[in-house]
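Protein chains: 2
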Amino acid sequence: MKPIDKPHFKAKKSELDLEQHIILTYFFESQTDPEEAALNLCQEQSTAQWKRVGVDEDFRPRHGAKLLNLEILEVKDQPFFQSSFNKGPKFYNCKATIAHPHINFGPKIPNMLTTILGEGVFYVPGITAIKLMNIDFPETFLKNFQGPQFGLEGIRNLLAVHDRPLFFGVIKPNVGLAPKDFAALAYESWLGGLDVPKDDEMMADASYSTLAERTKLLGELRKKAEAITGEKKFFLANITDEVDKIQINHDIAVANGVNAIMLNATATGLSAARALRKTSKVPMVGHFAGMTAFTHIPFFGVSSRVWVKLQRLAGFDSILFPGFNPRMRTTEEEVLRNVHACLEPLGNLKPALPLVGGSDWAGTLPSLYKKIGSIDFGVVSGRGISNHPGGPRSGARSLRQAWEAIQKNISLEEYAKTRLELQQALEAFGN
Amino acid sequence: MKPIDKPHFKAKKSELDLEQHIILTYFFESQTDPEEAALNLCQEQSTAQWKRVGVDEDFRPRHGAKLLNLEILEVKDQPFFQSSFNKGPKFYNCKATIAHPHINFGPKIPNMLTTILGEGVFYVPGITAIKLMNIDFPETFLKNFQGPQFGLEGIRNLLAVHDRPLFFGVIKPNVGLAPKDFAALAYESWLGGLDVPKDDEMMADASYSTLAERTKLLGELRKKAEAITGEKKFFLANITDEVDKIQINHDIAVANGVNAIMLNATATGLSAARALRKTSKVPMVGHFAGMTAFTHIPFFGVSSRVWVKLQRLAGFDSILFPGFNPRMRTTEEEVLRNVHACLEPLGNLKPALPLVGGSDWAGTLPSLYKKIGSIDFGVVSGRGISNHPGGPRSGARSLRQAWEAIQKNISLEEYAKTRLELQQALEAFGN
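Residue numbers (this note's numbering), protein chains in the order written: chain A, 66 to 496; chain B, 66 to 496.
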């Protein structure tokens, strides 16, 4: 970049109309002068060429992305990953804050993604690795998004549960079960005290278990379980499918008495969720399947925090992401950032219910509760429910018993002395 | 995994009905015994739990993914990336070939992605990094997909060009131009000999340049350019938008006389492209914006080859991916694999036109042609057209002149002595 062009891709916050910009935070690694790399990043993601040949004009004031701040975090001799294109000799880890005028894409998720995570971000001269860590949106932009229809409070109201975390369980075996057998497991788990048994992310409208047949049984059994337990219940049906089938699946599930739906929104596209939000009659839950391919590497891709925020924008009432269990290979800090991204103020958009998932069970509930520090979350237990030695009814009971122990401030081991299902869970899953 | 369970996640090809399986090739890094890690990968991506508690049944024969082959490529002391979860002491780079029964997801892109790139792939015990390198599909599965409607030959027929590469150009400035000014640049490029001027991936239905207004001008000018040049022309309009706007945008563009559409299918979701394919009246071009976040890292995510194949399945007639220019940081091998993925046999699906993009211009055409080794590609030139010192008409001419030189087996430098626009291009862009 020529020295004369550099000031056109820099600004102070006070010089900008912040309502007209989204604020992007990138971590990047460069093998050239960090400031030049950061300014190239601004140029490439906005007005790469800002005038026509032979015309006296300049689109940068209105359309150019502007560097607000740059920090050099570390200077290294080795790149984040080896490649014939990463020559050095030095590599600079940097944090750049950029104001991007949203007129360039408008309030449209696919067009925004094209800009903030597209060719103009991943092929910037000098930059050898880059990750979008955060986005902040002005009210002017947010007001175009519906956000959650029910949100945390709406889900609590529908379930009439206000004083504890919500208990979700994944029906397993996750693939292969006939609808009748599948529905029977969900029914058992409701009777044991689960709030929300759910389809696995891999179980949707399958040839051997159609959504229509499965949800018909589940809708009926849900009402029966509610009558018996005196508690409100959800079944969470996975309606993930080709985009022109999602609305159809929603309508089938809801007509059959299923009262919450799940979408693997990375696999369908976030935009499909936003479209469904306009007509959905029930709470929408977003599953993280597919996200990890671009969120997990420390210095490349997108942070899961950004992906959670975008799902809230798209209209999910509840968002599932990897939890604290070491199997999920996610730092405590990252999990808590995602919890916060569900709950923190975001224009007029409602808070979403954070769902932490991955190898949780009765025995992990105390540390889960302690780490999150509030009751505003859902725990998603898979094998802890379905693989409990007493079956899913006992699995669900063990979760509720673990919560009772927490409320009474008694250790699980102590409480298990008088609670069979908790005792069985500790024996089966405790180390 | 218990020793008794291991044989249930292994098979020889000869033991399987290959028409019922897709074949997945993963590179992975493990910090535990590679075979156990590979078998865990099979288990987690299919029947993580294969029976109900207290029921004598086994879903693995029908639903379990099976390890066909495992190679240990390298044993290392350091992981691919540093993380508190990557403890070693040794790290094994492996290549695993897995047969996955497609009954688990059916011929649905989002459900397949959930399975082959979801939680069951990225959170496997022992595996510290993983990348899906390739997929092969049986005819039984492919027959559910329409694939390209026009494909390479259909596009050549529509343009009546059978004896050379196709010349695409991106209108720049990519953002900011008013429709009238934008359309004038496209018109100039047609007159200079471009086949397909196109919207930048960031230019879609913008508030300052609506798709309706822009395509109306472009549709009219295209017909005028065809009349003047005696050549068939495309304008390639970017209809990327929220999924419930894509069909509407297609209809507007086509009604206005625009005769090819582009979709940033990673940003919209591949499924949105497959839905549009059912009704599209014109060739569909897929842009790679957004893909790099998960394809670029050597040992994590998905290969661009898989993403190109999936776009062909979804129905794109032409697929754009990063080309050979060093700015695109893509190895020659990767570019050529993607060219091949467009053209190679894939059931009854038509070949797609490969489009290589990124900093190409007249001067790179000889090496581009030599590397690809055939005329069956499109070159996409951005600044090489729009930033040519003589404007886009001259930019387009310089491309056509470069092709004439190649045909005559004359060096560009020699040919430029009698061709002004090529000479100007070499002066402006040649180092």
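From the three backbone atoms N, C-alpha and C, an ideal C-beta is built for every residue, glycine too.
Since B/Asn314 meets chain A, which of its residues come closer than 7 Å, beta carbon to beta carbon?
None at all; the shortest Cβ gap to chain A is about 11 Å.
When we look at the beta-carbon of A/Leu138 and count the other beta-carbons within 10 Å, is it buried (16 or more) or exposed?
The residue is exposed, with fewer than 16 neighbouring Cβ atoms inside 10 Å.
What does the Cβ neighbour count give for A/Pro126, buried or exposed, with the cut at 16 atoms within 10 Å?
When all chains shown are included, A/Pro126 counts as exposed.
Counting pairs of Cβ atoms below 8 Å between the stretch 186-206 of chain B and the stretch 99-115 of chain B, do you hit three or more?
Judged by Cβ distances under 8 Å, the stretch 186-206 of chain B makes contact with the stretch 99-115 of chain B, as three or more pairs qualify.
Would you say A/Met349 faces chain B, with C-beta separation under 9 Å as the test?
Cβ-Cβ to chain B under 9 Å: no for A/Met349.
Applying a beta-carbon distance threshold of less than 9 Å, which residues of chain A neighbour B/Thr429?
Correct list: empty, because the minimum Cβ distance to chain A is about 15 Å.
Does the ligand ATP have even one heavy atom less than 8 Å from the beta-carbon of B/Ile471?
Absence of the ligand ATP is noted for the structure shown, with no ligands found whatsoever.
Quick one, which of A/Ala292, A/Phe93, A/Val261, A/Gly129 has its alpha-carbon nearest A/Ser446's?
The option with the nearest alpha carbon to A/Ser446 is A/Val261.
Please state whether DSSP places A/Asp309 in a helix, a strand or coil.
Three-state result, A/Asp309: helix.
Chain A beta carbons: is any one of them nearer than 9 Å to that of B/Gly449?
Not an interface residue.
Assign B/Val400 to one of two classes, buried (16 or more other C-beta atoms within 10 Å of its C-beta) or exposed (fewer than that).
The residue in question, B/Val400, is buried, as its Cβ has 16 or more Cβ neighbours within 10 Å.
Could you check where the alpha helix (DSSP H) with B/Ile293 kicks off and where it finishes?
That run of the alpha helix (DSSP H) goes 276-294.
Along chain B, in chain order, which residues have C-beta atoms closer than 7 Å to that of A/Leu178?
Correct list: Ala332, Gly355.
Quick one: residues in its chain with C-beta nearer than 8 Å to the C-beta of A/Ala271, no 5 flanking neighbours on either side, listed in chain order?
Closer than 8 Å at Cβ, skipping near neighbours: Val240.
Output yes or no for whether 9 Å exceeds the beta carbon distance between B/Ile304 and B/Leu328.
In this structure, B/Leu328 lies closer than 9 Å to B/Ile304 by Cβ.
According to DSSP, is A/Ser148 part of a helix, a strand, or is it coil?
Residue state, collapsed to three classes: coil.
Anyone know if the C-beta pair for B/Leu259 and B/Phe233 falls short of 9 Å?
Cβ atoms of B/Leu259 and B/Phe233: closer than 9 Å.
Taking Cβ to Cβ, would you say A/Asp382 is nearer than 9 Å to A/Leu418?
Yes, they are a contact pair.
Output the boundary residues of the alpha helix (DSSP H) element that contains A/Tyr434.
430-437 is the extent of the alpha helix (DSSP H) around A/Tyr434.
Taking CB distances under 9 Å as the criterion, tell me whether A/Lys237 reaches chain B.
For A/Lys237, the answer is yes, since a Cβ of chain B falls inside 9 Å of its Cβ.
Within the continuous alpha helix (DSSP H) that includes A/Phe494, where are the two ends?
Unbroken alpha helix (DSSP H) run through A/Phe494: 485-494.
With 9 Å set as the bound, which would you pick, yes or no: does the beta-carbon of A/Met198 sit closer than that to a beta-carbon of chain B?
No, its Cβ sits nowhere closer than 9 Å to a Cβ of chain B.
In the stretch 295-308 of chain A, which residues sit with their C-beta less than 8 Å from some C-beta in chain B, listed in chain order?
Here the close residues are Thr305, Asp306, Glu307, Val308.
To the nearest angstrom, how far is it from the Cα of A/Ile88 to the Cα of A/Ala354?
If I take the Cα positions, the gap works out to 27 Å.
Which runs of the alpha helix (DSSP H) fall wholly inside the stretch 104-157 of chain A and span at least 4 residues, in chain order?
Entirely contained in the stretch 104-157 of chain A, the alpha helix (DSSP H) runs reaching 4 residues are, in chain order, 125-128.
Restricting to Cα atoms, I'd like to know which of A/Phe215, A/Leu276, A/Gly212 is closest to A/Leu242.
Comparing Cα-Cα distances from A/Leu242 to each of A/Phe215, A/Leu276, A/Gly212, the minimum goes to A/Leu276.
Among the residues of its own chain, which have a CB less than 7 Å from the CB of A/Ala248, if the five just before and after it don't count?
Excluding positions up to five away in sequence, the list reads Arg279, Leu282, Leu283, Leu286.
Note down the Cα distance separating A/Ser95 from A/Asn158, rounded to an integer number of angstroms.
Whole-angstrom Cα-Cα distance: 7 Å.
Short check: CB of B/Gly412 to CB of B/Ile384, under 9 Å?
For B/Gly412 and B/Ile384, no; Cβs fall outside 9 Å.
Using DSSP's beta-bridge definition, name the partner residues of B/Lys75.
B/Lys75 pairs with B/Leu132.
If I follow the unbroken beta strand (DSSP E) through A/Leu89, where does it start and stop?
First-last of the beta strand (DSSP E) with A/Leu89: 86-95.
By the 10 Å Cβ neighbour count, where 16 or more other Cβ atoms means buried, how is A/Asn403 classified, buried or exposed?
Under this definition A/Asn403 is a buried residue.
Do A/Ser79 and A/Ser254 have their C-beta atoms closer together than 9 Å?
Contact flag unset, no.
Kindly indicate which residue of B/Glu84, B/Phe359, B/Ala406 has the alpha-carbon position closest to the one of B/Gly183.
For B/Gly183, the nearest C-alpha among the options comes from B/Phe359.
Is A/Leu335 close to chain C, meaning its C-beta is less than 9 Å from at least one C-beta of that chain?
The question asks about chain C, but that chain is absent: this structure's protein chains are A and B.
Comparing the C-beta of A/Gln214 with each C-beta of chain B, is any distance below 9 Å?
So, not an interface residue.
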